[in-house]
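Written below as structure tokens is the structure these notes are about.
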Amino acid sequence: MKEIYDQYDHIRLGDHTYEIVERGVVLQKEDFGISDKILSYRFVTPWLALNQKNYGRYMKSDRVDQRDQLRRTLTGNILSMAKGLDYVVASQIRLDIGRTRHRSCTVKGVDMLGIMCEFMANFSIPNYLGLGKSVSRGFWAVVGMRGAKKQY
Numbered sequence: 426m427k428e429i430y431d432q433y434d435h436i437r438l439g440d441h442t443y444e445i446v447e448r449g450v451v452l453q454k455e456d457f458g459i460s461d462k463i464l465s466y467r468f469v470t471p472w473l474a475l476n477q478k479n480y481g482r483y484m485k486s487d488r489v490d491q492r493d494q495l496r497r498t499l500t501g502n503i504l505s506m507a508k509g510l511d512y513v514v515a516s517q518i519r520l521d522i523g524r525t526r527h528r529s530c531t532v533k534g535v536d537m538l539g540i541m542c543e544f545m546a547n548f549s550i551p552n553y554l555g556l557g558k559s560v561s562r563g564f565w566a567v568v569g570m571r572g573a574k575k576q577y
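Whatever position you read off the sequence shown (first residue = 1), add 425 for my numbering.
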């Protein structure tokens, strides 16, 4: 990453070129993985939880079934993230999803349903880490909510 970081003095976005005038690197240790506490998070960018196959089932379901579908999907997303970071999940991930809001999103010219919500899990996730697909496009970033630890 350092090579790429030092390689560019300008960045081009559309018809505009911008000079990079300041750079900074911060290295810090963050907790990651199964936690003995229930930690609260919120998505700060839309969560693209539904693919074409499960979108129809989600929209036809009642709120209880929708929440259950999102809970299973989010658990799978956390497991995939852990696997991608070579972390072995040695115990069950417990999580629950709070109030959800739907938001229209476009990815590669395709309209998709984004979900904004809060969730609680016994899994420590660093702030702004993305979960699932399209994280490189800015989707699915989460932040922790300090002081909001609850038990199931």
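Using N, Cα and C, we set each Cβ at its ideal position, and we do this for glycine too.
Residue i, enclosing alpha helix (DSSP H) - first and last residue
i, result
"Lys508", "Arg488 to Gly509"
Close-in-space but distant-in-sequence residues of the same chain around residue i (CB under 7 Å, 5 per side omitted)
i, result
"Gly572", "Confidence at Gly572 is low in this model, with a pLDDT of 48, below 50, so its placement is unreliable and no value can be given for it."
"Asn552", "Val568 and Gly569"
"Tyr443", "His435 and Ile436"
"Gln432", "none"
Sequence-distant residues of its chain with Cβ nearer than 6 Å to residue i (five each side left out)
i, result
"Trp565", "Trp472, Gly555, Leu556 and Gly557"
"Lys574", "For Lys574, the pLDDT reaches just 42, beneath the cut-off of 50, and the residue's location in the model is therefore unreliable, although a value from the coordinates is still provided. Correct list, in chain order: Lys462 and Ile463."
"Glu455", "Pro551"
Residue(s) in a DSSP beta bridge with residue i
i, result
"Trp472", "Ile540"
"Leu452", "Answer is none; Leu452 lacks a bridge partner."
"Tyr430", "DSSP output for Tyr430 lists no bridge partner at all."
"Gly458", "Ser549"
"Gly569", "Tyr466"
"Arg437", "Thr442"
Where the beta strand (DSSP E) through residue i begins and ends
i, result
"Tyr443", "His441 to Glu444"
Chain B contact for residue i (CB, 9 Å cutoff)
i, result
"Val451", "No chain B appears in this structure, which consists of one protein chain only."
Own chain partners of residue i with C-beta closer than 8 Å, once the 5 adjacent residues on each side are dropped
i, result
"Asn479", "Gln494 and Thr498"
Of all the alpha helix (DSSP H) runs that stay within the bounds of the segment 513-561, which reach a length of 4 or more residues? none
Using 8 Å as the cut-off, can you tell me whether the segment 458-475 makes contact with the segment 529-539, which would need three or more C-beta pairs spanning the two stretches below that distance? yes
Count the CB pairs spanning the segment 441-461 and the segment 509-517 that are closer than 8 Å, and state whether there are at least three. Yes, the segment 441-461 touches the segment 509-517.
Within 8 Å, do at least three Cβ pairs link the segment 494-507 to the segment 518-528? yes
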